[in-house]
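Residue numbers (my numbering), protein chains in the order written: chain A, 169 to 441; chain B, 54 to 469.
Even glycine gets a Cβ: it sits at the ideal position worked out from N, Cα and C.
First up is the structure itself, then whatever we jot down about it.
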């Protein structure tokens, strides 16, 4: 069983919801990322999605675009991101880390090289937003034998035929995109999401977590109530954007920066799965 | 025109007789290139478009309507014109221009927007979005939207808006909403990103008219099929006016839609050499250019696997070209495949060479070419000089240069 599956199974055994924050690696500077990851764990994160910054993030809204731009200005590369995971692993062997990003940096590094380095660094899963299920053979060949989970998105527009294919390709958890749009938009139709999640329960046994548009205690509670957990990205990245690169940051500063995660953790901690 | 096939799409070969040039495959692959690398929200939309287009492509009524619009609205066929004074200047092969600059709206872009607008209408989408670099595709999209009464939003890099202000105003006159894109490098690639974000957000009521033969499947195939009218006409006109096929074809390549449109109907004519001319900017050796086929490597961007300008970390590089329409770090996937199988030669012309060709053609032939097309003219002139006089080269004059006079005047130190 992978670290992701173990983590989620343990939470489900305690009837708890999964909380997954997303941050862009290298934002606002490389030296802060690992410290932010530890602060997130302290604030109640169960799994961390670490964004690989990309110059052309066409599925992301403005907040995460700007996060990627800040990270790239610091020269953050995929190799740097892997090094951050390795550093995080030296003191945290329990919290799963999922790399999330776009295909080109992985393609240019090479699938085998990427998978080998990701495995060595202690990466637990990959989510490539612009890699559709029928194009993923090369990536699978490289990461699957190493026990790295492959996580995919399901969107409100996903057809029934594709649902089945995506569920087959997915290990770890399924990421349900709450809305038509890009990251950071606002959820408008919770009922439709609930219906879709209930439908997906009939298709798969995978844990179903909801992302896009979860920004505070209320939206987190609303989405956690109908799913196995929530992913929080733009709200956290927006808060991280206020950190100044090059300025000394205390532990307290970092905890204050990721306060939104502690708030959401509090808000969903008594919810029954 | 002596040749007018009823169904124009794809390979032109009947089912069961397809050959290597009949691509793409059902997932949009040309060899290892192409595909549909989009976020999950858009997968259903590109699949629907593929289904609809695959059906329409076999429907003679669709192509009859397309041909009718091209004839009566666009003004096709465009002439094939022997540029005698330009030819004499270089003293070699005859230089023959395919006059796409004479189309309605002044470039080849309208061929594609006519076709895609018919699809949008058929699919019942009331809202059109488009990305644009030089503004030609934006104008062509705004034009068909005005004609069909569709809402139109055009994404354009903030830097491009500055250097193509005349086209921006044309789009506004046509009723389009022009949205300045301030992210990234503020050019064509960023406009494409923003259009993809809009499409994901408004996918139910929106049709995205991509302006070049790139992007996720089925766009590279579809745009090629719509632009292939250029090559079909040029082929028939060559036979009619010269009694034979040309020795070489030359077209500029940004995303590559005018080039694939000219080349595709000739791909099986093994004796016709083909040259795609990329934007060499300050020179390939300087790194300041927009020539992924000449100096890039394969990667994945904007929905397809293709040659890209990308660094060792997989980040997309800023491009440079005097022409906004070629200022793009990727290229249509069919070009990537045609490069690898050595059917087409991909070369580059620098800003300086393109500007010299711009002036030559203007002074010698009374034709002001687009700066994009000037790259093709520049390379054709260089080639012609080394070829004998009994040969002839067809150059795709993909657009007219009215939109570029401010840029050229600026280089001359003149403010208009």
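In this structure residue 293(B) is exposed. Its beta-carbon is surrounded by fewer than 16 other beta-carbon atoms within 10 angstroms.
Counting only runs of at least 3 residues, the region 187 to 233 of chain A fully encloses the following beta strand (DSSP E) elements, listed from N- to C-terminal order: 216 to 219. Closest in alpha carbon position to residue 193(B), among 165(B), 211(B) and 251(B), is 165(B). Around the beta-carbon of residue 343(B), 16 or more other beta-carbon atoms lie within 10 Å, marking it buried. Taking 7 Å as the Cβ-Cβ cut-off, the region 241 to 256 of chain B approaches chain A at 242, 246, 249, 250, 253, 254 and 256, given in chain order.
Taking a Cβ-Cβ threshold of 7 Å, the residues of chain B close to residue 322(A) are 93, in chain order.
Within 10 angstroms of the beta-carbon of residue 188(A) lie 16 or more other beta-carbons, which makes it buried. For the set 363(B), 264(B) and 243(B), the Cα lying nearest the Cα of residue 195(B) is the one of 264(B). When 202(B), 274(B) and 112(B) are compared, the shortest CA-CA separation from residue 317(B) is found for 274(B). In the three-state reduction of the DSSP assignment, residue 181(B) falls in the strand class, which pools E and B. Contact check for residue 221(A) against residue 207(A) fails: the beta carbons are separated by 8 Å or more.
Beyond the five residues adjoining it in sequence on each side, residue 417(B) comes within less than 8 Å, by CB distance, of 136, 138, 139 and 142 in the same chain, given in chain order. The way I'd put it, the region 85 to 102 of chain B doesn't touch the region 153 to 168 of chain B; fewer than three beta-carbon pairs between them come closer than 8 Å. Every alpha helix (DSSP H) stretch that sits fully inside the region 356 to 400 of chain A and reaches 4 residues is listed by chain position as 358 to 371 and 385 to 392. Contact of residue 345(A) with chain B by beta-carbon distance below 8 Å involves 93 and 94. Here DSSP, grouped into helix, strand and coil, assigns residue 304(A) to coil.
Note that the C-beta distance between residue 424(B) and residue 384(B) is not below 8 Å. Close to chain A, meaning a Cβ-Cβ distance shorter than 7 Å, are the following residues of the region 66 to 84 of chain B: 80. Counting only runs of at least 4 residues, the region 238 to 296 of chain B fully encloses the following alpha helix (DSSP H) elements, listed from N- to C-terminal order: 241 to 254, 272 to 280 and 282 to 295. Look at the region 272 to 304 of chain A: the residues with a C-beta under 8 Å from a C-beta of chain B are 272, 273, 274, 275, 276, 277, 297, 298, 299, 300, 302 and 303. Taking residue 341(B) as the centre and dropping the five residues before and after it, the same chain places the C-beta of 334, 335 and 373 closer than 7 Å to its C-beta, in chain order. Using a C-beta cut-off of 8 Å, the region 346 to 355 of chain A makes contact with the region 244 to 263 of chain B, since at least three inter-stretch Cβ pairs fall below that distance. For residue 357(B) against residue 267(B), the beta-carbon gap comes to about 6 Å, under 8 Å, which counts as contact. For a cut-off of 8 Å, the C-beta gap from residue 209(B) to residue 233(B) is around 7 Å, short enough to register as a contact.
Residues of chain B with a Cβ closer than 7 Å to the Cβ of residue 233(A) are, in chain order, 236. For residue 320(A), the closest of 303(A), 417(A) and 338(A) by C-alpha to C-alpha distance is 338(A).
Nearest in C-alpha terms to residue 156(B), of all of 399(B), 325(B) and 132(B), is 132(B). Using a Cβ-Cβ distance cut-off of 8 Å, the region 380 to 400 of chain A and the region 177 to 186 of chain A are in contact, since at least three pairs of beta carbons, one from each stretch, lie closer than that value. The CB of residue 267(B) never comes closer than 8 Å to any CB in chain A; the least such distance is about 13 Å. In the structure shown, residue 83(B) adopts extended strand secondary structure according to DSSP, grouped into three states. With 16 or more other Cβ atoms from the protein chains shown falling within 10 Å of its own Cβ, residue 217(B) counts as buried. Our two residues, residue 179(A) and residue 218(A), have alpha carbons roughly 21 Å apart in a direct line. Within 8 Å of the CB of residue 186(B), no CB atom of chain A is found; the nearest one sits about 15 Å away. Residue burial is scored here from C-beta neighbours: residue 328(A) has fewer than 16 other C-beta atoms within 10 angstroms and is therefore classed as exposed. No Cβ-Cβ contact shorter than 8 Å links residue 429(A) with residue 398(A). Note on geometry: alpha-carbon atoms of residue 276(B) and residue 267(A) lie some 35 Å from one another.
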